[in-house]
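Encoded as structure tokens, the structure appears first; notes follow it.
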Amino acid sequence: MSRSQVIDFSKIKISCGDCNIHELCLPRGLELQDLEQLEKVIKRTHPLQTGDYLFRAGQEFQYIYALRSGSIKLNLMDEQGNDQILGFYFPGEILGLDAIDKKQHLCSAVALETSSYCAFSFSNLSEICQLVPGLQNQMLRLMSRELTHENELLLMIGTKNAEERMATFLITLSSRFHQLGYSAKEIKLSMSRQEIANYLGLTIETVSRIMSRFQREQLISVNRKQVNIKNPDVLKHISSGSNAGSGKVQWYKQ
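The C-terminal residue of the sequence shown carries number 254 in my numbering, and the numbering is unbroken.
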């Protein structure tokens, strides 16, 4: 590509109202005039490439971020220098809310694939929230959603066995992809099995064993990073802690 053909993404005007995920994001429910106010504080830059950081732990808090495409993992390094993955984020989801209190990011956000995003200046956003009640309500809703995700993770790690965690992970991804307008039965795993294992508090061997078992029992089929959910009802049974599936499938706590 020649110098004259290089695209400057920061100069491309993308309206919130035209964005295909705006109903999942900050602009949800806002009137046109309110959207215009919001767009004044949006910063759009070049997409992240795989492995790029959106922000790092300890970095000064300036923006909250709305993911427009791709996927991002959120991780935290413990005292021994080991990374713990805290979550995976998809289009329409917000990152950076963890930094509001301490004024610095507690975690790092890393792109799992080519990912684009909108950055909202938090200081300017706070001012607009005072003028636009709908935006303030949306901010509270998003914060509540983050707390719910954290509580669900704690519940999953604390009370579910390995099969239940894996089933919960797949069913949750299915629901999130469906919200984006995709088929609930087709999941693209942008994260590695090692990253899934880290997130679920399992070993990679356990994740691989369970995925193979789910395939043998025809609950899912896997083609590289594409997962087809063939029997969501049984997966939901497993996720909820039910010992029995349907037909020949029997699941027992280990």
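Think of the CB as a built atom: it goes at the ideal place given N, C-alpha and C, for glycine as much as any other residue.
Residue i - partner residues in DSSP beta bridges
i           : result
residue 77  : 83
residue 196 : Answer by DSSP bridge pairing: none, since residue 196 is not bridged.
residue 65  : 95 and 119
residue 146 : DSSP lists no partner for residue 146.
residue 43  : 119
residue 60  : 104
residue 89  : 72
Assigned secondary structure, residue i (DSSP; H/G/I helix, E/B strand, else coil)
i           : result
residue 250 : Note that residue 250 scores a pLDDT of 49, beneath 50, so its modelled location is shaky and nothing firm can be said.
residue 215 : helix
residue 116 : strand
residue 48  : strand
residue 169 : helix
residue 177 : helix
residue 188 : strand
residue 104 : strand
residue 111 : strand
residue 236 : helix
residue 221 : strand
residue 54  : strand
residue 207 : helix
residue 226 : strand
residue 158 : helix
residue 134 : helix
residue 183 : coil
residue 202 : coil
residue 231 : coil
residue 1   : Low local confidence applies: a pLDDT of 38 at residue 1 is under 50, so the model's placement there is unreliable, with the coordinate-based value given in what follows. Coil.
residue 241 : coil
Contacts around residue i, its chain only, beta-carbon distance under 7 Å, and the 5 residues preceding and following it disregarded
i           : result
residue 240 : none
residue 72  : 54, 89, 95, 109, 110, 111, 112 and 115
residue 195 : 73 and 85
residue 99  : 61, 105 and 106
residue 236 : 171
residue 139 : 129
residue 156 : 165 and 168
residue 49  : 111 and 114
Nonlocal neighbours in the same chain, by C-beta distance under 8 Å from residue i, ignoring five residues either side
i           : result
residue 185 : 174, 228, 229, 230 and 232
residue 206 : 162 and 197
residue 212 : none
residue 215 : 221 and 222
residue 97  : 64, 142, 143 and 146
residue 183 : 177
residue 226 : 186, 187, 188 and 189
residue 24  : Any reading at residue 24 must be qualified, since the residue scores a pLDDT of 47, below 50, and its modelled position is unreliable; the value itself is stated next. Within the same chain, residue 24 has close Cβ partners 91, 92, 93, 179 and 180.
residue 121 : 41, 43, 62 and 63
Own chain residues within Cβ distance below 6 Å of residue i, not counting five before or after
i           : result
residue 218 : 230
residue 153 : none
residue 83  : 75 and 77
residue 142 : 94
residue 285 : Residue 285 is absent from the model: the chain starts at 1 and stops at 254.
Take every Cβ of the stretch 166-180, pair it with every Cβ of the stretch 40-54, and state whether three or more of those distances are shorter than 8 Å.
-> no
Would you say the stretch 93-109 touches the stretch 44-63, given that touching needs at least three Cβ pairs under 8 Å?
-> yes
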